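**Student:** One structure, pasted below without further comment.
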Amino acid sequence: MDTSLWMSRDLLTAAPNTPVLEAARSMAQRRVRHLLIVDPATSWHLVGIVSSHDLYLAADAGVNPFSPRAVDREVRSVATIMTPHPLAIAPTTASAEAARILRDKKFGALPVVDRGELVGILTEHDILRAFLRLSGADQQGYEVTATVAPGSLDVVGRMHALAQRRGLHLVSAAMFEQDQVHYAVVHFTGPANDAFVDDLWRSGHRILRVRATTPDGPVPAHA
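Residue numbers for the sequence shown follow our numbering, beginning at 45 and rising by one.
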């Protein structure tokens, strides 16, 4: 999945000569943690990025840079605290690759640039939003966690057949190994269906947990 599907296009930008306090005020009002610094002559040529962490580091000891108390105590411009020429990605960058960069570089966000023009920003929040959407965890249905015995890797297909019989749909399935144990985590969407849950428990699979999911989050699991 391309980054362009998940990035934010509603960008908060500022010129390099913007006072730090003005930048902090804008970020607080918009409730964002990253300010994109652009060339005032072009408006969309990225020259730097400022994070909320940069603002805290730039503030005097004991002063919250987002607080009105900080007014008139800071006269520097964002050019003095920004990260110049930050690492940027293309909108066609795979979301998984972008997530890997955020993890490995310990970044909170990645500007998205298309042919030299700033077009978006991808944040940790966006990656989490993508994960929830793609997994189906933010939809009504069920998350099923099971262990998978060697030679029984078709457990997902068998659970899928049970779900289809009860009118539910498979949205995502992940299989992984942790501490030499193989697990499957499968998400199904559809209305609450106690018969489906009963089918799972009677299926003979090594079910660890069946958790109902809703747009508001999971509900207590049937373990």
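Note that CB positions come from ideal geometry on N, CA and C, so glycine has one too.
Quick caveat, the model's predicted, so the values are computed rather than measured.
#1: Note down the Cα distance separating residue 177 from residue 233, rounded to an integer number of angstroms.
#2: Since residue 152 and residue 77 should fall inside the 8 Å C-beta cutoff, what is the C-beta to C-beta distance between them, to a whole number of angstroms?
#3: Taking the straight line between their C-alpha atoms, what separation do you get for residue 139 and residue 148?
#4: DSSP three-state call for residue 213: helix, strand or coil?
#5: When you compare only the Cα positions, how much space is there between residue 120 and residue 98?
#6: Under a Cβ-count criterion, where at least 16 other Cβ atoms within 10 Å of its own Cβ denotes burial, should residue 95 be classed as buried or exposed?
#7: In whole angstroms, give me the CA-to-CA distance for residue 117 and residue 55.
#8: For residue 210, which residues from the same chain have a beta carbon less than 8 Å from its beta carbon, with the 5 sequence-adjacent residues on both sides left out?
#9: Decide if residue 155 is buried, meaning its Cβ has at least 16 other Cβ atoms within 10 Å, or exposed.
#10: To which residues of the same chain is residue 125 closer than 8 Å at the C-beta, ignoring the five residues directly before and after it?
#11: Spell out the partners DSSP gives residue 231 in its beta bridges.
#12: Within 10 Å of its beta-carbon, does residue 45 have 16 or more other beta-carbons around it, so buried, or fewer, so exposed?
#13: Mark residue 115 as exposed unless 16 or more other C-beta atoms lie within 10 angstroms of its C-beta, in which case mark it buried.
#14: Below 8 Å on the Cβ atoms is my guess for residue 165 versus residue 52; work out the distance and round it to an integer in Å.
#15: Here's a check: name, in chain order, each residue in its chain whose Cβ is nearer than 6 Å to the Cβ of residue 158, leaving out the five neighbours to either side.
#16: So the candidates are 86, 259, 59; which of them puts its Cα closest to the Cα of residue 182?
#17: Given that a residue counts as buried once 16 or more other Cβ atoms are within 10 Å of its Cβ, and exposed if not, what is residue 225?
#18: Going straight from the alpha carbon of residue 92 to that of residue 171, what length do you get?
#19: Does the Cβ of residue 248 have 16 or more other Cβ atoms within 10 Å, making it buried, or fewer, making it exposed?
#20: Whole angstroms is fine: what's the gap from residue 67's alpha carbon to residue 205's?
#21: Under 8 Å Cβ to Cβ from residue 82, same chain only, skipping five residues before and after it: list those, please.
#22: Where residue 250 and residue 230 are concerned, what is the direct C-alpha to C-alpha distance, given to the nearest angstrom?
#23: Is residue 200 closer than 7 Å to residue 217 when the C-beta atoms are compared?
**Tutor:** Inspection of the coordinates gives the following:
#1: Position 133 of the sequence shown holds residue 177. Position 189 of the sequence shown holds residue 233. The C-alpha of residue 233 is placed about 12 Å away from the C-alpha of residue 177.
#2: Residue mapping note: residue 152 aligns to position 108 of the sequence shown, counting from 1. Residue mapping note: residue 77 aligns to position 33 of the sequence shown, counting from 1. With a Cβ gap of about 6 Å, residue 152 and residue 77 count as contacting.
#3: Counting from 1 along the sequence shown, the entry for residue 139 is found at position 95. Counting from 1 along the sequence shown, the entry for residue 148 is found at position 104. The alpha-carbon atoms of residue 139 and residue 148 are separated by roughly 14 Å.
#4: Walking along the sequence shown from the start, residue 213 turns up at place 169. In this structure, residue 213 counts as strand in the three-state DSSP scheme.
#5: Here residue 120 is taken as the residue at index 76 of the sequence shown, counted from 1. Here residue 98 is taken as the residue at index 54 of the sequence shown, counted from 1. About 13 Å.
#6: Here residue 95 corresponds to residue number 51 of the sequence shown, with the count starting at 1. Sixteen is the threshold: when 16 or more other Cβ atoms of the shown chains lie within 10 Å of the Cβ of residue 95, as they do, the residue is buried.
#7: In the sequence shown, counting from the first residue as 1, residue 117 sits at position 73. In the sequence shown, counting from the first residue as 1, residue 55 sits at position 11. Model confidence at residue 117 stands at a pLDDT of 45, short of 50, so the residue's coordinates are unreliable; what they give is reported in the following sentence. Each residue's Cα considered, the two are about 27 Å apart.
#8: In the sequence shown, counting from the first residue as 1, residue 210 sits at position 166. Apart from sequence neighbours up to five positions away, the residues of its chain that approach residue 210 with a beta-carbon distance below 8 Å are 234, 237, 239, 240, 243, ordered along the chain.
#9: Translated into the one-based positions of the sequence shown, residue 155 becomes position 111. Here residue 155 is buried, its C-beta having at least 16 other C-beta atoms within 10 Å.
#10: Numbered from 1 along the sequence shown, position 81 holds the residue referred to as residue 125. Excluding sequence neighbours, residue 125 sits near 64, 94, 98, 99, 101, 102.
#11: Residue 231 sits at position 187 when you count from the first residue of the sequence shown. 187, 216, per the DSSP bridge assignment.
#12: Counted from its first residue, the sequence shown places residue 45 at position 1. Answer is exposed; the Cβ neighbour count stays below 16.
#13: For the purposes of this step, residue 115 is taken as residue 71 along the sequence shown, with counting starting at 1. Because the pLDDT of residue 115 is 48, which lies under 50, any placement of that residue in the model is unreliable, and the number read from its coordinates should be weighed accordingly. When all chains shown are included, residue 115 counts as exposed.
#14: Working through the sequence shown from its first residue, we reach residue 165 at position 121. Working through the sequence shown from its first residue, we reach residue 52 at position 8. Right, their Cβ atoms sit about 5 Å apart.
#15: Taking the first residue of the sequence shown as position 1, residue 158 is located at position 114. Excluding sequence neighbours, residue 158 sits near 135.
#16: Position 138 of the sequence shown, counted from the first residue, corresponds to residue 182. Selected option, being the one with the closest Cα: 259.
#17: Against the sequence shown, residue 225 aligns to sequence position 181. Residue 225 is exposed by the Cβ-count criterion.
#18: Stepping through the sequence shown from its first residue, residue 92 is reached at position 48. Stepping through the sequence shown from its first residue, residue 171 is reached at position 127. Cα to Cα, the separation comes out at about 22 Å.
#19: Walking along the sequence shown from the start, residue 248 turns up at place 204. Under this definition residue 248 is an exposed residue.
#20: Here residue 67 is taken as the residue at index 23 of the sequence shown, counted from 1. Here residue 205 is taken as the residue at index 161 of the sequence shown, counted from 1. Roughly 55 Å separates the two Cα atoms.
#21: For the purposes of this step, residue 82 is taken as the residue at position 38 of the sequence shown. For residue 82, where only same-chain residues beyond five positions count, the Cβ hits under 8 Å are 57, 58, 59, 88, 89, 90, 91, 162.
#22: Here the question's residue 250 lines up with position 206 in the sequence shown. Here the question's residue 230 lines up with position 186 in the sequence shown. Roughly 13 Å separates the two Cα atoms.
#23: Counted from its first residue, the sequence shown places residue 217 at position 173. Counted from its first residue, the sequence shown places residue 200 at position 156. Yes; because the gap between Cβ atoms is below 7 Å, this pair is in contact.
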